[in-house]
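Encoded as structure tokens, the structure appears first; notes follow it.
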Amino acid sequence: MSLQLACKVGDLEAGEARCIQLADASGRSHKVALVRDTDGGFHAIGDTCTHGDVPLSEGDIEDGTIECWGHGAVFDLETGEPTLPATEPVPVYQLSLDGDDVLVDVDARK
1 MSLQLACKVG DLEAGEARCI QLADASGRSH KVALVRDTDG GFHAIGDTCT
51 HGDVPLSEGD IEDGTIECWG HGAVFDLETG EPTLPATEPV PVYQLSLDGD
101 DVLVDVDARK
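Structure representation (structure tokens):
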């Protein structure tokens with residue numbers, strides 16, 4: 001497990017997301033949507049919609065999901081599973097909190 005600092009807890013408000021770049025153990029870069037849901041919980045998912053090349057971090061967050069603004073597909077923040085028109089899930093990465101640090105492991109998927 002290779003946890004990396006993604007942000008500080010106070011960097012994201014509830015209902016906010018941002019795209020960050022993290023490298024895996026082989027050095028490959030991953031675009032990760034770091035999401036703080038409306039209940040204040042943190043999630044890390046792949047940032048690119050599987051239906052189109054659209055950043056999910058720019059979508060609306062509601063009830064444990066994030067909506068792709070391109071075509072309206074909605075992705076579950078826990079499982080990565082989508083609604084139509086997307087049919088493929090996005091990766092969901094391991095995330096943990098250590099004090100004020102939000103840590104993500106792009107080598108460990110849920």
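Position one of the sequence shown corresponds to residue 1 (the UniProt record's numbering), numbered consecutively onward.
Backbone N, C-alpha and C fix where the C-beta goes; we use that ideal spot for every residue, glycine too.
Of the listed residues the options, nearest to residue i (C-alpha basis)
i: H30; options: V54, I20 and D39; result: I20
i: K110; options: D37, G46, I61 and P85; result: G46
i: G99; options: L3, S2 and V9; result: V9
i: E78; options: G41, G70, T48 and C7; result: G41
i: I61; options: D53, R36 and P89; result: R36
i: D53; options: A44, D101 and A86; result: A86
i: E69; options: H51, D63, G80 and E81; result: In the sequence as presented, Glu is not what sits at residue 69; that position holds Trp. Looking at the Cα atoms, H51 is the closest of the given residues.
i: T38; options: E16, C49 and D105; result: E16
i: L5; options: D107, V102 and A108; result: V102
Alpha carbon of residue i to alpha carbon of residue j, nearest angstrom
i: G59; j: V92; result: 16 Å
i: S26; j: D11; result: 28 Å
i: V32; j: P55; result: 9 Å
i: T65; j: L97; result: 20 Å
i: A44; j: D63; result: 16 Å
i: A73; j: V90; result: 11 Å
Per DSSP, cross-strand counterpart(s) of residue i
i: V7; result: Residue identity differs from the one stated: residue 7 is Cys in this sequence, not Val. DSSP lists V102 as partners of C7.
Local Cβ density within 10 Å of residue i, reported as buried at 16 or more and exposed below that
i: A14; result: exposed
i: H71; result: exposed
i: L22; result: buried
i: D105; result: buried
i: L95; result: buried
i: L34; result: buried
Whole beta strand (DSSP E) elements within the UniProt domain "Rieske" (4-104), 3-residue minimum: 4-8, 16-23, 29-36, 42-46, 60-62, 65-67, 74-76 and 93-98
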